[in-house]
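Here's the structure, in C-alpha cells; my notes come after.
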Amino acid sequence: MYADIQDFILLREEEGVMDYRCEDIYRYAGPRALIASALVFRLMKEAISDLCPNEVPMRKEFQIVSGHFGPGVRDGFEYLTRASSDGRYIIDDSDAPQEAPHSAAGGSLFFKISYKKNTFLYSISPEIMGKEWFSQVKEHQEGSVSEEAHANYLTYKKKVAADILLRPNIFNIRTAI
Numbered sequence: 031m032y033a034d035i036q037d038f039i040l041l042r043e044e045e046g047v048m049d050y051r052c053e054d055i056y057r058y059a060g061p062r063a064l065i066a067s068a069l070v071f072r073l074m075k076e077a078i079s080d081l082c083p084n085e086v087p088m089r090k091e092f093q094i095v096s097g098h099f100g101p102g103v104r105d106g107f108e109y110l111t112r113a114s115s116d117g118r119y120i121i122d123d124s125d126a127p128q129e130a131p132h133s134a135a136g137g138s139l140f141f142k143i144s145y146k147k148n149t150f151l152y153s154i155s156p157e158i159m160g161k162e163w164f165s166q167v168k169e170h171q172e173g174s175v176s177e178e179a180h181a182n183y184l185t186y187k188k189k190v191a192a193d194i195l196l197r198p199n200i201f202n203i204r205t206a207i
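Quick note on our numbering: the sequence shown kicks off at 31 and runs consecutively.
What follows is the structure, encoded as C-alpha cells:
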C-alpha cells in the first residue's frame, strides 16, 4: 500500500479548470506562511473530497469560517477561492470546539468550510499544532535571537509543513455539520 501523494487540487471557473499546488499558495502568501500554506492546501484537498467528491468544484462557491486569526491562512484561502475579497471568508472563533488547539496568531485552529449548501467542520490535531508549535511560533515568528536559532525554526517549520501534507490524518475533528 502507498500513501496518496496527489500534490495538486483542481478548481473550476466559468472559463475552465485550473490546478493548484501547495507551492503556489506559498509563493502567494510568502515565506512567513510556510505552515499556513500547507495547512490551507490540505484543508482544501480534504474539503473537496468531503463536500464535492464527484465534481471539480467552482472556486467561488466556497465559504470559510476560520477560527485562526493569522494572515497566512487568510491569504491561502484567498488565493484558492477569492473568498476574502468576495466576503466569503469570516474570522470568528466564538463557537470554537473545545478540542481545537489555540493558535499562536490568536483564535483557535478550527475551520468551517462550506461548498454550496454543505458544510464540514475541521479542527487541527494538537499532535500537529499543539504546545510545541505554539511555543515555536511565539518565540521565533517575529525573528529569533540568532541566525542559528532562526535556521532551526525554519527546519521545524518545514517538518510541520511536511507532516500536514503527508500524514494520513491531521484532524481531531472532521465532521459534517
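The beta carbon of each residue, even a glycine, is placed where N, CA and C say it ideally should be.
If you drop the 5 nearest sequence neighbours on each side, which residues of the same chain put their C-beta closer than 6 Å to that of residue i?
| i | result |
| --- | --- |
| alanine 191 | Leu64, Ile65 and Ala68 |
| proline 86 | Just to set this straight, residue 86 is valine in the shown sequence, not proline. Contacts found: Leu40, Arg42 and Val47. |
| isoleucine 143 | Ala77, Ile94 and Phe150 |
| phenylalanine 164 | Ala134 |
| alanine 206 | Phe150 |
| glycine 136 | Phe99 |
| arginine 204 | Tyr152 |
Between residue i and the rest of its own chain, which residues show a CB-CB distance below 8 Å, the 5 nearest in sequence each way excluded?
| i | result |
| --- | --- |
| histidine 180 | His170, Gly173 and Ser174 |
| aspartate 193 | Ile158 and Ile200 |
Apply the 10 Å Cβ neighbour rule to residue i and answer buried if 16 or more other Cβ atoms are within range, or exposed otherwise.
| i | result |
| --- | --- |
| phenylalanine 38 | exposed |
| proline 198 | exposed |
| lysine 147 | exposed |
| aspartate 123 | buried |
| lysine 187 | buried |
Output the boundary residues of the beta strand (DSSP E) element that contains residue i.
| i | result |
| --- | --- |
| valine 47 | 46-50 |
| lysine 142 | 137-145 |
| arginine 42 | 39-43 |
| isoleucine 121 | 119-121 |
Go ahead and pull the three-state DSSP assignment for residue i.
| i | result |
| --- | --- |
| serine 96 | strand |
| phenylalanine 201 | strand |
| serine 174 | coil |
| serine 153 | strand |
| alanine 134 | coil |
| alanine 113 | coil |
| asparagine 182 | helix |
Using a Cβ-Cβ cut-off of 7 Å (strictly less than) and excluding sequence neighbours within five positions of residue i, which residues of its own chain qualify?
| i | result |
| --- | --- |
| serine 155 | Ile200, Phe201 and Asn202 |
| aspartate 80 | Phe150 |
In the DSSP assignment, find the alpha helix (DSSP H) that holds residue i and state where it starts and stops.
| i | result |
| --- | --- |
| alanine 77 | 64-81 |
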